[in-house]
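Here is the structure we will look at.
2 protein chains.
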Amino acid sequence: MGELLDKKVCESKLGAIDDALYAIGGKWKLKIIIALKEGNKRFNELQRALDISARMLSRELKDLELNGFVDRKVYTDTPVVIEYELTDYSNSLSEILEALSSWGIKHREKLIEERS
Amino acid sequence: MGELLDKKVCESKLGAIDDALYAIGGKWKLKIIIALKEGNKRFNELQRALDISARMLSRELKDLELNGFVDRKVYTDTPVVIEYELTDYSNSLSEILEALSSWGIKHREKLIEERS
DNA sequence: CTGAATCCGATCGGATACTG
DNA sequence: CAGTATCCGATCGGATTCAG
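Printed below as a string of structure tokens:
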């Protein structure tokens, strides 16, 4: 009986993780969000901070904006300034970010240990 | 002064997340691990459970084994049975998995809400 | 400065067929 | 059953160029 329960739990988790990976998976999305947590940034600032090509950054920002993680602010101050800013919704990712970064730190330590 | 601190924190987090994504990023690794949490599985069972091609499953399992998340057990029972099993180390991912799946559920709810 | 357009190689990922 | 090999299209991702 516990097996059936396990299966249900597993399947629902698989579905949920699918949804999550679909929205924030890939190489860049989470990194962009982290970079913007430090403060709003302009296109070129992000590019330099993340070492990402303009082509990919442009795509990813469009996607992040479409999915409600990022706002594109245009300040018409002559010269016009364009900044990217996190939305409130992106704060809902904080648990994931924390879990990932703390695991990443421990994982790196493990790797270094193994080399010796 | 707080700005400099922010920058340091951000950079270290970017590095840690890099490490994490390098190890467990991509479309399949976490899904395979979740499927195996339910219990050990054979190659074909995994394939059906995840709807993944043999080609990709083979690659990903090799990678997961190399990085210490999965063990490949061979039972020489005539006929030989081969099973994949999670290592203890893969349990260190539980926080990440929990965070991802609970966020995924909330995110899906948000999406459904938005369509109405 | 903010992108979009193009080109090109690398990788992803499924389908199919094949081996032990 | 447990993979491997091959083929092929889609996407990723950098470099460069170009426009507003």
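Chains as they are written, first to last, in this note's numbering: chain D, 15 to 130; chain C, 15 to 130.
All C-beta atoms, glycine included, are put in the ideal place defined by N, C-alpha and C.
Problem - Secondary structure of D85 (chain D), DSSP reduced to three states - result: strand
Exercise for the section: Determine the direct distance from the alpha carbon of Y89 (chain D) to that of L100 (chain C), and round the result to whole angstroms. Expected result: Distance between the alpha carbons of L100 (chain C) and Y89 (chain D): 52 Å.
Exercise for the section: Answer with buried or exposed for V94 (chain D), where buried requires no fewer than 16 other C-beta atoms within 10 angstroms of its C-beta. Expected result: exposed
Exercise for the section: Run the CB neighbour count on L125 (chain C), radius 10 Å, all protein chains shown included, and call it buried at 16 or more, exposed below. Expected result: Exposed: under 16 other Cβ atoms inside 10 Å.
Handout entry: N- and C-terminal bounds of the alpha helix (DSSP H) containing I96 (chain D)
Key = Here I96 (chain D) belongs to no alpha helix (DSSP H); instead the beta strand (DSSP E) covers V95 to L100.
Handout entry: Residue from C:V23, C:D77 and C:I96 with nearest C-alpha to I46 (chain C)
Key = C:D77
Practice task
For chain D, find out if any of its Cβ atoms is closer than 8 Å to the Cβ of L107 (chain C); answer yes or no.
Solution key: yes
Practice task
Give the straight-line distance between the Cα atoms of V23 (chain C) and A34 (chain C), rounded to the nearest whole angstrom.
Solution key: 16 Å
Exercise for the section: Answer yes or no: do A113 (chain D) and I110 (chain C) have a C-beta to C-beta separation smaller than 8 Å? Expected result: yes
Handout entry: Span separating the alpha-carbon of L71 (chain C) from that of R73 (chain D)
Key = 29 Å
Handout entry: Beta-carbon proximity check, Y98 (chain D) vs N54 (chain D), cutoff 8 Å
Key = Closer than 8 Å, so yes.
Handout entry: S115 (chain C) and A37 (chain D) closer than 8 Å at C-beta
Key = no
Exercise for the section: In the DSSP assignment, find the alpha helix (DSSP H) that holds G39 (chain C) and state where it starts and stops. Expected result: Secondary structure note for G39 (chain C): it is in no alpha helix (DSSP H), with a DSSP letter that is neither H nor E.
Exercise for the section: Keeping to the same chain, check which residues put their C-beta closer than 7 Å to that of N81 (chain C); ignore five residues upstream and five downstream. Expected result: Setting aside the 5 residues that flank it on each side, N81 (chain C) is surrounded in the same chain by A37, each with a C-beta closer than 7 Å to its C-beta; the list follows chain order.
Handout entry: CB contact flag (I66 (chain D), L28 (chain C), <8 Å)
Key = no
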